[in-house]
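First up is the structure itself, then whatever we jot down about it.
Protein chains: 2
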Amino acid sequence: MGISKTEHFTEEQNELATLAKAIGHPARIAIIQHLIKVNSCICSDIVNELPLAQPTVSQHLKELKNAGLIKGNLEGNAICYCLDENGFEKIKNFFEIVNKHLENKNQCC
Amino acid sequence: MGISKTEHFTEEQNELATLAKAIGHPARIAIIQHLIKVNSCICSDIVNELPLAQPTVSQHLKELKNAGLIKGNLEGNAICYCLDENGFEKIKNFFEIVNKHLENKNQCC
DNA sequence: ATTTATTATCGTAATATTGCAATATAAATA
DNA sequence: TATTTATATTGCAATATTACGATAATAAAT
Chain A
1214 MGISKTEHFT
1224 EEQNELATLA
1234 KAIGHPARIA
1244 IIQHLIKVNS
1254 CICSDIVNEL
1264 PLAQPTVSQH
1274 LKELKNAGLI
1284 KGNLEGNAIC
1294 YCLDENGFEK
1304 IKNFFEIVNK
1314 HLENKNQCC
Chain B
1214 MGISKTEHFT
1224 EEQNELATLA
1234 KAIGHPARIA
1244 IIQHLIKVNS
1254 CICSDIVNEL
1264 PLAQPTVSQH
1274 LKELKNAGLI
1284 KGNLEGNAIC
1294 YCLDENGFEK
1304 IKNFFEIVNK
1314 HLENKNQCC
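Protein chains in written order, with this note's numbering: chain A, 1214 to 1322; chain B, 1214 to 1322.
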């Protein structure tokens, strides 16, 4: 991105944007879907699943972790990843408000 | 962004990523929130609401419209924007699956 | 037809993202 | 301790995003 004027927006707006942005990449969608499928797995499993090199997958995992969408536990010499409810809970509320609005009073002009 | 290897991912993964990416900016979150608040409004209203210049707002509206998250109707010499259920419906399903997973079997290793 | 109001587009500078090779780090095991 | 396995970090090239001034396009009103 270019210069995003985050200081002009509310904390909530910036937080929601950060979460959505973290989800907004096909590789990270694929990672989330894989974690739903297998519940938890290590990084190298995802490297085998995705058409991306190990450093790239590691970077995507880092972004998801920073956003609070996944968490990782040390398991031997590997790190076991799974979804993190914290991040998803925050967006959930936003979409609930959106959907409530759409169910009722949405008509364009 | 850099080179995103969209061709290696499923259509669904790319579509979800596109939607989330469109939401993933504080200005676009603010636009969505404003549209929920007032139901529908014209571009210049949003320009007055946000700390951004008119061309920038116009660009953000275009991105939201391309993603299917808002729609615009010609109203006099202005364009009346409101939320578009099509885009939001698609993400809704994704988050429902995520939340269903998190309610049940989420434990990290 | 000209003016006014509203929105879109173009061009461009600044910055962010993506992807990966090379390399570093950390834990387990021989 | 050396090796293997698993993950993270660094550095960099290619590309995308953001923001806005200048300008164009469009539609109403005068």
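Cβ coordinates follow ideal geometry from the N, Cα and C atoms, glycine included.
Discussion item. Quick check on this structure: which residue in Gln1226(B), Glu1224(B), Ala1243(B) has the alpha carbon closest to the alpha carbon of Thr1223(A)?
Written reply: Ala1243(B)
Fill in: Where Gln1265(B) falls: helix, strand or coil (DSSP)
Correcting the residue type first, residue 1265(B) is Leu in the shown sequence and not Gln. If DSSP states are grouped into helix, strand and coil, Leu1265(B) belongs with coil.
Worksheet entry | Same chain only: Cβ atoms within 6 Å of Ser1253(A), ignoring 5 sequence neighbours per side | Cys1293, Cys1295
Item to complete: Provide the residue span of the beta strand (DSSP E) that contains Gly1285(A), from first to last.
Response: 1283-1288
Fill in: Whole-angstrom C-beta distance between Ala1235(A) and Ala1280(A), which should lie under 8 Å
4 Å
Worksheet item: Can a CB atom of chain A be found closer than 8 Å to the CB of His1314(B)?
Response: yes
Worksheet item: Taking one C-beta from the segment 1271-1287 of chain B and one from the segment 1300-1308 of chain B each time, how about it: are there three or more such pairs within less than 8 Å?
Response: yes
Item to complete: Output, in chain order, the set of chain B residues within a Cβ distance shorter than 9 Å of Lys1234(A).
Response: Ala1233, Lys1234, Ile1236, Gly1237, His1238
Worksheet item: Which partner residues does Cys1256(A) have in the DSSP bridge list?
Response: Note: Cys1256(A) sits in no beta bridge, so no partner.
Worksheet item: Are the beta-carbon atoms of Val1311(A) and Ile1249(B) separated by less than 8 Å?
Response: yes
Discussion item. What residue range does the alpha helix (DSSP H) around Ala1233(A) cover?
Written reply: 1224-1236
Worksheet item: When the Cα atoms are used, what is the spatial distance from Phe1307(A) to Glu1228(B)?
Response: 20 Å
Worksheet entry | Residue range of the beta strand (DSSP E) that includes Ala1394(A) | A query on residue 1394(A) cannot be resolved here, the shown segment of chain A reaching from 1214 to 1322 and no further.
Worksheet item: So which residues on chain B does Asn1227(A) lean against when the C-beta distance must stay under 9 Å?
Response: Pro1239, Ile1242
Worksheet item: Looking at the C-beta of His1247(A), does it have a partner C-beta in chain B at a distance below 8 Å?
Response: no
Discussion item. For a quick check, are the C-beta atoms of Thr1219(B) and Pro1239(A) less than 8 Å apart?
Written reply: yes
Worksheet item: Using the beta-carbon count (16 or more within 10 Å), is Gln1272(B) buried or exposed?
Response: exposed
Worksheet item: If we count the other Cβ atoms within 10 Å of its Cβ and call it buried at 16 or more, is Leu1287(A) buried or exposed?
Response: exposed
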